[in-house]
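The structure appears below as structure tokens.
Protein chains: 2
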Amino acid sequence: MNENSEKPSNISEALWIGAGNMGLPMASNLISSNKIRLSVHNRTPGRLLPLEKAGARRSDDLSRSLSETPLVFTMLADDAAVRDVAERPGGILDKLPAGGIHVCMGTLSPTFMDMLSEKHQQKGQVLVSAPVFGRPDRAKAGTLTIIAAGPTAALDSVEPLLKTMGSPVFRVGDTPSRANYIKILGNFTLGGLLETLAESLALARKVGVSPGQLIEILDTALYHSPVFRAYGQIMAEEKFEPAGFWMRLGLKDVRLVLREADKLDVSLPLGDILHAGFLAGIHRGYGEWDWAALGRVRDDDAG
Amino acid sequence: MNENSEKPSNISEALWIGAGNMGLPMASNLISSNKIRLSVHNRTPGRLLPLEKAGARRSDDLSRSLSETPLVFTMLADDAAVRDVAERPGGILDKLPAGGIHVCMGTLSPTFMDMLSEKHQQKGQVLVSAPVFGRPDRAKAGTLTIIAAGPTAALDSVEPLLKTMGSPVFRVGDTPSRANYIKILGNFTLGGLLETLAESLALARKVGVSPGQLIEILDTALYHSPVFRAYGQIMAEEKFEPAGFWMRLGLKDVRLVLREADKLDVSLPLGDILHAGFLAGIHRGYGEWDWAALGRVRDDDAG
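In order, the protein sequences belong to chains R and X.
The working numbering runs 69 ahead of the 1-based position in the first sequence.
The working numbering runs 69 ahead of the 1-based position in the second sequence.
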């Protein structure tokens with residue numbers, strides 16, 4: 070436990086599941102904070118090596134590790150991956166002790182989160198949902214923005230740990246899915262920015278306006294926004310690899326939004342365009358490019 | 070002529086046409102710069118009173134004023150208004166002396182600008198197109214962003230005068246319509262931001278996420294943009310009056326973009342949504358509300 074932590078956690082050990090492009094640097098920051106002893110688990114154990122070198126213990130027997138921990142983090146890609154480790158025999162619901170906390174940090178469906186929260190409650194366990202904004206570079210720097218929702222006492226316990234991965238940590242209430250709504254709405258707005266840039270630059274190219282100059286002028290005149298400028302430049306330069314965020318994941322997130330909207334009879338015309346645009350991009354072979362390759366889709370169709 | 074001007078204009082007098090919500094503060098800043106003697110003309114002469122008090126001379130006989138000036142500014146609402154003063158007998162094309170410069174500062178159609186430029190050339194006159202980004206508050210403060218295109222010598226002459234109304238002045242080449250493309254593409258991107266916010270907030274309300282909190286979190290986590298925050302807050306608070314920019318004008322500008330795109334066989338799916346959304350808003354009585362009332366349109370339809 071770090072003597073300097075602003076508000077020490079009452080928990081001294083935890084299990085971390087997920088060592089992908091985001092999970093790896095996030096767990097690494099948690100380890101180096103010295104706030105907690107961390108065991109780490111991943112479907113592909115080879116990915117855990119950097120975390121073991123940093124001082125984490127490798128968990129090979131997930132079922133046993135779960136039964137010995139008061140706290141488990143999951144940073145997994147989608148609902149299916151979380152469902153797998155949560156609902157399998159010997160998984161989180163089965164083995165996490167009563168009173169244990171599951172902090173679920175991926176970008177997941179709010180409906181799945183509501184369902185998982187209820188199952189945890191039935192087991193006497195607690196679900197905290199804490200999705201993050203930021204790409205791997207911000208995960209490495211520990212400057213993610215974290216949206217956290219769940220029961221107050223559990224949020225109090227894990228907040229100092231979340232702060233090792235990013236700040237601010239926005240606490241948005243006691244219903245876990247609230248955090249997921251905010252996360253997927255945020256990604257939806259980024260999708261809207263991409264579509265806006267994609268169409269603007271496609272027309273700019275056709276009328277002989279320099280895409281790079283257009284982005285510079287509009288950011289200076291109107292936006293003053295690093296996000297506007299960064300995505301604008303990726304599209305102006307058509308530099309879609311390496312991807313910061315795959316087009317396939319963009320499709321996943323716009324689907325999450327459209328499904329929630331559909332349940333509530335909310336029409337999202339921009340959402341429908343994004344869905345069709347990302348699908349078109351994937352079918353043209355851009356699925357593992359940055360989702361800003363939506364610009365290429367619009368350029369293709371502008372001739 | 071102001072001794073302190075960084076690059077004095079070689080022109081000592083000019084005529085200003087247009088005293089609307091933008092033209093009035095822009096002309097006022099030009100007068101108070103003392104860089105030039107200004108005559109002013111407006112279809113409704115009563116609007117000119119503040120400019121006369123500031124030291125401008127009122128031009129009642131437009132034809133005569135034009136024949137005596139080396140430089141005329143127009144800050145008028147649309148193509149039709151400029152066409153009227155430019156093409157009527159005794160108008161700008163008819164009376165501006167050979168070598169005279171017409172600086173056209175409204176948000177106009179690039180196609181119209183190309184046509185007008187050719188007509189000016191046939192008369193030995195020069196067209197500079199210099200549309201602006203910024204609402205009336207920025208016009209008053211003299212902090213507009215100005216996009217200027219036209220022959221180099223003419224741009225050199227008028228740039229010190231443009232700088233009394235805003236900076237930076239972006240010079241984007243010698244084809245006047247280039248400036249108009251950038252201006253209408255810029256407004257198109259703002260329309261895209263409005264649609265994005267409108268759909269996001271409509272869904273947020275339905276799922277119980279506070280619109281104000283969503284805007285705060287997303288601006289902190291992702292955008293860091295005064296424009297994102299300002300339009301987000303207008304929509305979150307549903308404060309569509311007083312309007313900074315009418316929905317009717319939003320429709321006008323998206324039509325300018327769609328018409329140029331259509332000529333070039335460029336499809337703009339987001340543009341089509343904006344066109345339908347602004348039209349719907351106008352038919353529901355929101356035409357003189359701020360164009361952010363696109364949020365109300367999406368809320369209406371989300372039930």
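Beta carbons are placed, not taken as given, at the ideal position from N, Cα and C, and that holds for glycine.
Distance from the CA of residue 246 of chain R to the CA of residue 241 of chain X, rounded to the nearest whole angstrom, comes to 48 angstroms. As summarised for the segment 85-163 of chain R, the continuous alpha helix (DSSP H) elements at least 4 residues long and confined to that stretch are 92-101, 118-122, 131-136, 148-156, given in chain order. The way I'd put it, the segment 149-157 of chain R doesn't touch the segment 206-220 of chain R; fewer than three beta-carbon pairs between them come closer than 8 angstroms. Shown here for residue 227 of chain X: same chain residues with a beta carbon closer than 8 angstroms to its own, the five before and five after excluded, namely 78, 80, 140, 170, 172, 197, 199, 217 in chain order. Of all residues in the segment 274-290 of chain X, only 275, 276, 277, 278, 282, 283, 286, 287, 289, 290 come within less than 8 angstroms of chain R when Cβ atoms are compared, listed by chain position. Nearest C-alpha to residue 259 of chain X among R:250, R:279, R:290, R:231: R:290. Closest in C-alpha terms to residue 316 of chain R, from the list R:327, R:298, R:345, comes R:345. Looking at the DSSP output, residue 82 of chain X shares a beta bridge with X:106. Taking 8 angstroms as the upper bound for CB-CB distance, residue 181 of chain X and residue 269 of chain R are not in contact here, some 21 angstroms apart.
In the displayed model, residue 295 of chain X falls within a helix according to three-state DSSP.
Contact check for residue 86 of chain X against residue 145 of chain X passes: the beta carbons are separated by less than 9 angstroms.
Under the criterion of beta carbons closer than 8 angstroms, residue 176 of chain R and residue 252 of chain R qualify as touching, at roughly 5 angstroms. Using a Cβ-Cβ distance cut-off of 8 angstroms, the segment 108-116 of chain R and the segment 227-239 of chain R are not in contact, since fewer than three pairs of beta carbons, one from each stretch, lie closer than that value. Going by DSSP, residue 347 of chain X is part of the alpha helix (DSSP H) stretching over 338-352. Here residue 271 of chain R is buried, its C-beta having at least 16 other C-beta atoms within 10 Å.
In this structure, R:250 is the residue among R:299, R:250, R:323 with its C-alpha nearest to the C-alpha of residue 277 of chain X. In this structure residue 314 of chain X does not touch residue 358 of chain X by the C-beta definition: roughly 10 angstroms separates them, more than the 8 angstroms allowed. Listed along the chain, the chain X residues whose CB falls inside 9 angstroms of the CB of residue 293 of chain R are 293, 294, 295, 296. Using a 10 angstroms sphere on the CB of residue 308 of chain X, the tally of other CB atoms stays under 16, which defines it as exposed. Chain R has no Cβ within less than 9 angstroms of the Cβ of residue 307 of chain X. At least one beta carbon of chain X lies nearer than 9 angstroms to the beta carbon of residue 335 of chain R. Apart from the 5 residues on each side of it in sequence, residue 128 of chain R sits with its Cβ closer than 7 angstroms to the Cβ of 84, 108, 109, 110, 134 in its chain, given in chain order. Annotated as proximal: residue 159 of chain X and residue 132 of chain X, with beta-carbon spacing under 9 angstroms.
A check of alpha carbon separations from residue 350 of chain R across R:338, R:263, R:282, R:326 identifies R:263 as the nearest. Under the 10 Å beta carbon count, residue 194 of chain X is surrounded by 16 or more other beta carbons and is classified as buried.
Here residue 171 of chain X is bridged, per DSSP, to X:141, X:196. Contact residues of the segment 210-242 of chain X toward chain R are 214, 216, 237, 239, 241 (C-beta to C-beta distance below 8 angstroms). For residue 101 of chain R, the number of other beta carbons within 10 angstroms of its own is below 16, and it is reported as exposed. Here DSSP, grouped into helix, strand and coil, assigns residue 280 of chain X to helix. Between residue 310 of chain R and residue 304 of chain R, the alpha-carbon positions lie close to 11 angstroms from each other.
As the crow flies, the alpha-carbon of residue 267 of chain R is around 37 angstroms from that of residue 185 of chain R. Residue 355 of chain X is outside the set of residues whose beta carbon lies under 9 angstroms from a beta carbon in chain R. Contact of residue 314 of chain R with chain X is not assigned, every C-beta pair being separated by 9 angstroms or more. Residue range 213-217 is occupied by the beta strand (DSSP E) that includes residue 213 of chain X. Beta-bridge partners assigned by DSSP to residue 202 of chain X: X:214. In the DSSP assignment, residue 235 of chain R falls within the beta strand (DSSP E) that extends over 235-240.
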